[in-house]
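K.L.:
Going down the list, the sequences are from chains C and B. Just so you know, we're using the working numbering here: the first sequence kicks off at 1 and counts up by one. Just so you know, we're using the working numbering here: the second sequence kicks off at 1001 and counts up by one. For every residue, glycine included, the Cβ atom is placed at its ideal position computed from N, Cα and C.
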Amino acid sequence: MTAATITARQSFAETTARATVTARRIAFSFRNVTKRFGDKTVLQGIDLDVHDGQFVAVIGKSGCGKSTLLRLLAGLDKPTAGELVHAGETKDQKRTRIMFQEPRLLPWARVGANVDVGLTGIARGSEVRQKSLDILAEVGLADRSEEWPSVLSGGQRQRVALARALVGHPRILALDEPLGALDALTRIEMQQLLERIWLTKKFTAVLVTHDVAEAVALADRVVVIDSGRIALDLAIPVERPRRHASPELAFFERQILDQLYTQRTS
Amino acid sequence: MSRALQSIGRSAVGWLLPALLFVGWEIASRAGVISANVLPAPSAVGAAFWKLLLSGELLENIRISTLRALSGFVVGGAIGFGLGLANGLSALSRGLTDTTIQMIRNIPHLALIPLVILWFGIDEEAKLFLVALGVFFPIYINTLLGIQGVDPQLVEMGRIYGMSRSQLFMRVILPGALPSIFVGLRYALGIMWLTLIVAETISASSGLGYMAMQAREFLLIDVVVLSILIYALLGKLADVLARSLERLSLQWHPAFQNV
Chain C
1 MTAATITARQ
11 SFAETTARAT
21 VTARRIAFSF
31 RNVTKRFGDK
41 TVLQGIDLDV
51 HDGQFVAVIG
61 KSGCGKSTLL
71 RLLAGLDKPT
81 AGELVHAGET
91 KDQKRTRIMF
101 QEPRLLPWAR
111 VGANVDVGLT
121 GIARGSEVRQ
131 KSLDILAEVG
141 LADRSEEWPS
151 VLSGGQRQRV
161 ALARALVGHP
171 RILALDEPLG
181 ALDALTRIEM
191 QQLLERIWLT
201 KKFTAVLVTH
211 DVAEAVALAD
221 RVVVIDSGRI
231 ALDLAIPVER
241 PRRHASPELA
251 FFERQILDQL
261 YTQRTS
Chain B
1001 MSRALQSIGR
1011 SAVGWLLPAL
1021 LFVGWEIASR
1031 AGVISANVLP
1041 APSAVGAAFW
1051 KLLLSGELLE
1061 NIRISTLRAL
1071 SGFVVGGAIG
1081 FGLGLANGLS
1091 ALSRGLTDTT
1101 IQMIRNIPHL
1111 ALIPLVILWF
1121 GIDEEAKLFL
1131 VALGVFFPIY
1141 INTLLGIQGV
1151 DPQLVEMGRI
1161 YGMSRSQLFM
1171 RVILPGALPS
1181 IFVGLRYALG
1191 IMWLTLIVAE
1201 TISASSGLGY
1211 MAMQAREFLL
1221 IDVVVLSILI
1231 YALLGKLADV
1241 LARSLERLSL
1251 QWHPAFQNV
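1) Counting only the same chain and skipping the five closest in sequence on each side, list residues whose C-beta sits under 7 angstroms from that of C/Ala13.
2) In whole angstroms, what is the alpha-carbon distance linking C/Gly154 and C/Pro247?
3) Does the Cβ of C/Phe55 have 16 or more other Cβ atoms within 10 Å, making it buried, or fewer, making it exposed?
4) Entirely within the segment 1052-1113 of chain B and at least 4 residues each: give me those alpha helix (DSSP H) ranges in chain order.
5) Spatial neighbours of C/Ala165 within its chain, please: CB distance less than 7 angstroms, with the 5 preceding and 5 following residues excluded, ordered by chain position.
6) Can you tell me where the beta strand (DSSP E) with C/Lys61 in it begins and where it stops?
7) What are the boundary residues of the beta strand (DSSP E) that C/Ala235 is part of?
8) Decide if the segment 59-70 of chain C is in contact with the segment 219-228 of chain C; the criterion is three or more beta carbon pairs, one per stretch, under 8 angstroms apart.
9) Under 7 angstroms between beta-carbons, which chain C residues line up against B/Leu1145? List them in chain order, please.
10) Should B/Ser1166 go down as buried or exposed, given a rule of 16 or more other Cβ atoms within 10 Å for buried?
11) Applying the 10 Å Cβ sphere with the 16-neighbour rule, what's the burial state of B/Gly1009?
12) Quick one: residues in its chain with C-beta nearer than 7 angstroms to the C-beta of C/Leu249, no 5 flanking neighbours on either side, listed in chain order?
13) Is the separation between the beta-carbon of C/Val276 and that of C/Val167 shorter than 8 angstroms?
14) What does DSSP give as the partner residue(s) for C/Arg221 in the beta ladder?
15) By DSSP's criteria, B/Val961 is part of a beta bridge. Which residues make up the other side?
16) Between the alpha carbons of C/Leu260 and C/Gly60, how many angstroms are there, rounded?
17) By the criterion of Cβ-Cβ separation under 7 angstroms, what are the contact partners of B/Met1211 in chain C?
18) Taking the C-alpha atoms as reference points, what is the distance between C/Ala23 and B/Leu1085?
19) Under a Cβ-count criterion, where at least 16 other Cβ atoms within 10 Å of its own Cβ denotes burial, should C/Arg254 be classed as buried or exposed?
20) Could you say which of B/Ile1139, B/Thr1066, B/Val1013 lies nearest to B/Leu1233 if we only look at CA atoms?
21) Could you give the C-beta distance for B/Gly1158 and B/Leu1168, rounded to a whole number, given that I count them as a contact under 8 angstroms?
22) Can you confirm whether B/Leu1154, when its beta carbon is compared against all beta carbons of chain C, has any partner nearer than 8 angstroms?
23) At what residues does the alpha helix (DSSP H) containing C/Ser29 begin and finish?
24) Is B/Phe1073 buried or exposed, if buried means 16 or more other CB atoms sit within 10 Å of its CB?
25) Is it buried or exposed, C/Val85, if we count other Cβ atoms within 10 angstroms and call 16 or more buried?
26) Name the residue from C/Leu48, C/Val139, C/Lys35 whose alpha carbon lies nearest to the alpha carbon of C/Glu189.
27) Relative to chain C, which residues along the segment 1119-1150 of chain B have a C-beta separation below 8 angstroms, given in chain order?
28) Expressed to the nearest angstrom, what Euclidean distance is found between the alpha-carbon atoms of B/Met1192 and C/Ile197?
29) If you check the beta carbons only, do B/Gly1088 and B/Thr1143 fall under 8 angstroms apart?
30) Can you give me the Cβ contacts of C/Glu146 inside the same chain, cut-off strictly under 6 angstroms, excluding the 5 residues immediately before and after it?
31) Please report the Cβ distance between C/Gly35 and C/Leu48, rounded to the nearest whole angstrom; I am assuming they are in contact, meaning their Cβ atoms lie under 8 angstroms.
32) Got a sec: is the Cβ-Cβ distance from C/Arg104 to anything in chain B below 8 angstroms?
33) Bridge partners for C/Asp267 per DSSP, in chain order?
34) To which residues of the same chain is B/Gly1235 closer than 7 angstroms at the C-beta, ignoring the five residues directly before and after it?
35) List the residues of chain B whose Cβ lies closer than 8 angstroms to the Cβ of C/Ala74, in chain order.
36) Ignoring anything shorter than 3 residues, give me the beta strand (DSSP E) runs that lie fully in the segment 131-189 of chain C, in order along the chain.
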């Protein structure tokens, strides 16, 4: 554990304590997880418990292993060593969805049919369409279900991808820089949408990002990964709704940037 | 309404040049610039068309040729499509067959005509074999390319959402490969006519190619020209059909929207 982590921990001892009081049961745990691709170690001995319903942001520089962490969580890759434990027992409780930087919509399916993909193996028949329309209404695209994805804007496509990810009621939503390709204004809108939906649906969210401001605006907890290890694990006990660029958030942002900065110079 | 008129206008523009050519040709023939022994006037070709139409000979030959073309197309296309799918989806199948197919592809299929005549004589099988062989390659190659070109990110997405292999194929892989498959289809239709006409010209006792060869024997140059014009029209017809099918099934594609 680095010095920076300890200082951060101490300075926020009170607030962290407050956060843990409200902590519920564990959603998933990484236990001493290591991932190697050939000779290259991407993740080294990761231990991470995430509580049910928590919003965790994972931050790090390019190539630090944060996307790999998410792919392990989503079951797209298997750890080389260690294990990933899901709290849920049934398939429904374990359901994890992942959203990528690119929306990955089927260009040959209309918006509604794209959302239907999220119910593959979950629902059938007329129920599918109704659920898709409901979730599209929640992301503000109720009247676009018969459009082709190609006529939508980047932000709208990403909202369709969000609807598709959420329509099957996942317990865990993994987000791999889903707003990275959007312009600054659309990005803030999407952050607000994401927060609103997370507050109503109460799933566990894991957001990988390299935007520190985005991380502190959305997350209950920020995990900084550096060279495949957890370098900082910081609670952000700021009341919601949060105001963008408020001094409170800026304070936490500073902590994280300092951490990233000391890592670079040492 | 005005949009419909516009689209009619746009397709009519394509016919402007052929129409002008015909008029110029007619004028040149009447003025004696083009000798009737070299190229008969369009009106003479029209008269030949009318005569053959009334005798039923023309329609019968068109029917026979079309039937041959389509049956060869179906056989060759189905095999090409099937192998394209198999080789696109399975590395084992590709490893096993692709080298052989690529070797055969480099033989011009019309070079096989002497061999085909020895094997099948001038029966229907000869034409069917040649057309099927000609059609096979463009369909095979473009189906294979289409499947290999499907966005792997979409395939991964389908897997994450728990699609079965057949769902993945029907909802992600096949629609993704379709634009390329249509390119193959249009190439194949062109090759289909080409092959059939050559085969009928060399070895047949009916069909359009045969009609043209017979006319040459009797120096009926108007019938020869008529046959050539009919080839052009049939080729265009096949292309129009393929394009409308393409437009219907690729509505999602930005290239086919608001056209």
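P.N.:
So, to answer that:
1) Unreliable placement is indicated for C/Ala13, whose pLDDT of 46 sits below 50; no coordinate value is reported for it.
2) C/Pro247 has its alpha-carbon roughly 31 angstroms from the corresponding atom of C/Gly154.
3) With 16 or more Cβ atoms within 10 Å of its Cβ, C/Phe55 is classed as buried.
4) With a minimum length of 4 residues, the continuous alpha helix (DSSP H) runs that stay inside the segment 1052-1113 of chain B are 1057-1089, 1091-1105.
5) Cβ within range, chain order: Arg97, Met99, Gly118, Leu173.
6) DSSP places C/Lys61 in no beta strand (DSSP E); its state is neither H nor E.
7) That run of the beta strand (DSSP E) goes 229-235.
8) Short answer: they touch.
9) Chain C residues near B/Leu1145: none, gap ~18 angstroms exceeds 7 angstroms.
10) Counting Cβ neighbours within 10 Å, B/Ser1166 comes out exposed, since fewer than 16 surround it.
11) With a 10 Å radius around the Cβ and a threshold of 16 neighbouring Cβ atoms, B/Gly1009 comes out exposed.
12) Apart from the 5 residues on each side of it in sequence, C/Leu249 sits with its Cβ closer than 7 angstroms to the Cβ of Val216, Ala217, Val238, Arg242 in its chain, given in chain order.
13) Residue 276 of chain C lies beyond the stretch modelled for chain C, which goes from 1 to 266, so this question has no answer here.
14) C/Val56, C/Ala235.
15) Not covered by the structure: residue 961 of chain B. The range shown for chain B is 1001 to 1259.
16) Approximately 8 angstroms between the Cα atoms of the pair.
17) Ordered by position in chain C, no residue passes the 7 angstroms Cβ test against B/Met1211, which lies about 44 angstroms from the chain.
18) Note that C/Ala23 scores 49 on pLDDT, short of 50, meaning its location in the model is unreliable and no value can be drawn from it.
19) Classification for C/Arg254: exposed.
20) Minimum Cα distance to B/Leu1233 is reached at B/Thr1066.
21) Contact flag correct, Cβ pair sits at about 5 angstroms.
22) Output row for B/Leu1154: interface = yes.
23) Premise fails: C/Ser29 lies in the beta strand (DSSP E), 26-37, not in any alpha helix (DSSP H).
24) Buried.
25) By the 10 Å Cβ count, C/Val85 comes out exposed.
26) Relative to the Cα of C/Glu189, the nearest Cα in the group C/Leu48, C/Val139, C/Lys35 belongs to C/Val139.
27) Of all residues in the segment 1119-1150 of chain B, none has a C-beta nearer than 8 angstroms to a C-beta of chain C.
28) Roughly 57 angstroms between the two C-alpha positions.
29) Going by C-beta atoms, B/Gly1088 is nearer than 8 angstroms to B/Thr1143.
30) Cβ neighbours of C/Glu146 beyond the five flanking positions: Arg110.
31) Just to set this straight, residue 35 of chain C is Lys in the shown sequence, not Gly. No, C/Lys35 and C/Leu48 are not in contact; Cβ-Cβ is about 13 angstroms, not under 8 angstroms.
32) At least one chain B Cβ lies under 8 angstroms of C/Arg104.
33) Past the edges of chain C, shown from 1 to 266, lies residue 267 of chain C, and the structure says nothing about it.
34) Only Gly1190, Trp1193 meet the Cβ criterion.
35) The answer, in chain order, is Ile1160.
36) Complete beta strand (DSSP E) runs here, min 3: 172-176.
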